[in-house]
Each structure stands twice: as structure tokens, then as C-alpha cells.
Amino acid sequence: MAMTEHLILVLGACLLDAAFGDPVYRWHPIRVIGSWSLACERILFGRGLDGRLGGLLHWLLVVGGALAIWFGIRVALAFMHPWLAFAWDLFIAYSLLCTRGLFEQGWLILRDLGDPPKARRHLGMLVGRDTEPLQADGIVRATIESLSENLTDGVLTPLWALCLLGLPGLILVKAVSTLDSMVGYKNARYHRFGWAGARSDDLVHWLPARLSVPLIALAAALLRQHPILAFRSARRYHAMLPSPNSGWSEAAFAGALRVRLIGPVWRDGRLINDAYMGDADWPADLGAGDLRRALGLILVSSLLALLFGLALTPWGWPPMA
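FYI, our numbering numbers position 178 of the sequence shown as 178, with every residue one higher than the one before it.
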């Protein structure tokens, strides 16, 4: 595919995502990948392949299967007309980007912040913690945490993979993220079997997570927030989260907004954390204004990420013809 067509693919997918959000339909690529992952898991466990070898085979089957389905349909459509193949690529790319969906979830919580039960229901779509104990300030903190954490794996990595590696790169990243969400747990069933999915997810997000810090700082500077604190907070507090990647963007957000995040966290009725991310003199009693500033930071960071990706596109690998 020519570089011009690649740019059209990237911009077209982003514009469709901005206009319509994440499409909801039965054969959504993420649903297909998830169903395929479950089917492969059952087969491998049934054959006793429930260790690291089985996990590696599972990874190859799921990621390879996702790429094979996309490519097989693409080849069939290209035989009929090249533009059909391009339309297929555009639709898949649009289906796998979710910037608007992330922003919309935050906006719904902001809209319903005056109705805590409704806001908690929206928050439950973003987080895995207990939401019932949270009052307005806790809802805002949890929302900002989730938005900032998902900025890396939900926006930056997929977008930059599409810009630099074309649609195969985007499909690989989303398949890996789906694998991690399904089998990347440190429990008895998945501790060994999910190792390949979890480690590959850490790998694909490693660089975008760290690049998120200057990106967020630049967005904060444009919005007249706290860019210097974004750098300092990311360096000081990123290790508070167990993930090697998610703490960078979250800590940078805390500094950029000059607020404390995290605080009391309950899961399954147990208090699992009561430490705050951020300096002691930063406010933790957050409200609608803080969430509004965070949504602005998400929006500007996402736009900067697109510009950065487009600037690097000529040096990347265009999709195959």
C-alpha cells in the first residue's frame, strides 16, 4: 500500500472513531479474538498443555489466528476489487481504536457525578475494584486513575502501532492486550499458562508507557497545567503500581493536574491500599472541576499522540499492498 493510502487509513480510522466511537456488533474483532482464545484454551487444557509450553502455543494460535483471519479476508476481497480490501482494513482499524470510548466513559461519570449510584455504575465499566464505598471524591480519583492508565494501552500503543507498523501491528497489539486481560493472571490456573500473554503485553506497552510522560507534560503545558510536576511525579511515583508500565502515565497525570490519586481501594470487600500517589500537599478531595481538567488532558494528549504518530509514519513500515 502506498504511503498516501497508509495515511488515509490512519486518519480515516481516527476520524471514524472520533465520529462514531467503538462499534458494537456481534463479530467485533475483540469479541472474535476473545472467543477464539477461550476455544484454544479449552483444547490445550484438555490435552494437558496447561503450563508455559501450552501458554506459548495459545499465544501463537490466538495472535496468529487474528492475523490470519484479517489477511485471509483481505486477500479474498482484493481479488474482487482493491478498494474492497482497503475498506476492510479501514473498518478493522476503526473497530480496534477506542479513544472516543475512553473519553466518553469519563464524560458519563462527570455528567452523573451528582448522582453517585449512577456514577458508580459507569465507573464499574472502567475499574475492577469495589465502587460501592466510593463517594464523589473517590469516584473522581478512580476515574482519573483509569483514564490515565488506559491512555497508554488503550490509545498510545494501538495508535502508534497502526502508524508505524500498519494494520498488522495494530492487530498484534490488540490481540496481545486481549490475551493479557483473559489469561494474564497470577492465580493457580494462569500463573504459568498466561505467562506469554502477560509478558508480551508488558513488552508492547513498555516504550509507549515511558513516552507517555513527555507527551502528558506537553499537553499539560499547552493547557497551562503543571508540566514540570508531571515529569517529577512520574519519576517519583510510577513504581507505586505493580505493573511495569501503567504507573508512568498515571503518576504523570497526578503531577500534571497537581492532585493526589489512588488512596483507599477496596476489592471483594477488603481494603487493599490506602496510600496516595502524589505529594502530601496536593489535594485528594477531588471534584467535577478536576475530572473536567483530566478529560481535557486526555483529549489533548490523544491529539498530540496522533500528530507524533503521523510525524513518524514515513519512517515506519507501511502496510502490505
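For glycine and all other residues, C-beta sits at the position ideal for the given N, C-alpha and C.
Counting every other CB atom within 10 Å of its CB across the protein chains shown gives D290 a total of 16 or more, marking it as buried. Separation of H226 and L297 (C-alpha to C-alpha, rounded to the nearest whole angstrom) is 11 Å. Of the candidates I139, S243, L164, the residue whose Cα lies closest to the Cα of D285 is I139. In the displayed model, V24 falls within coil according to three-state DSSP, outside both helix and strand. DSSP places R74 inside the alpha helix (DSSP H), whose first and last residues are 52-80. Short of 6 Å from the beta carbon of G54, and not among the five residues preceding or following it, lie these beta carbons of its own chain, in chain order: L44, F193. Scanning N150, V204, G169, A239 for the CA closest to the CA of L299 turns up N150. When the beta-carbon positions are compared, A252 and V204 stay at least 7 Å from each other.
Taking the CA atoms as reference points, L7 sits about 19 Å from R74. When DSSP states are grouped into helix, strand and coil, Y237 belongs to the helix group. DSSP places Y94 in the helix class (H, G or I) of the three-state scheme. Residue burial is scored here from C-beta neighbours: Y237 has at least 16 other C-beta atoms within 10 angstroms and is therefore classed as buried. The C-alpha of A78 lies about 39 Å from the C-alpha of N245. Excluding residues up to 5 positions away in sequence, R52, G55 lie with their Cβ nearer than 7 Å to the Cβ of W195 in the same chain.
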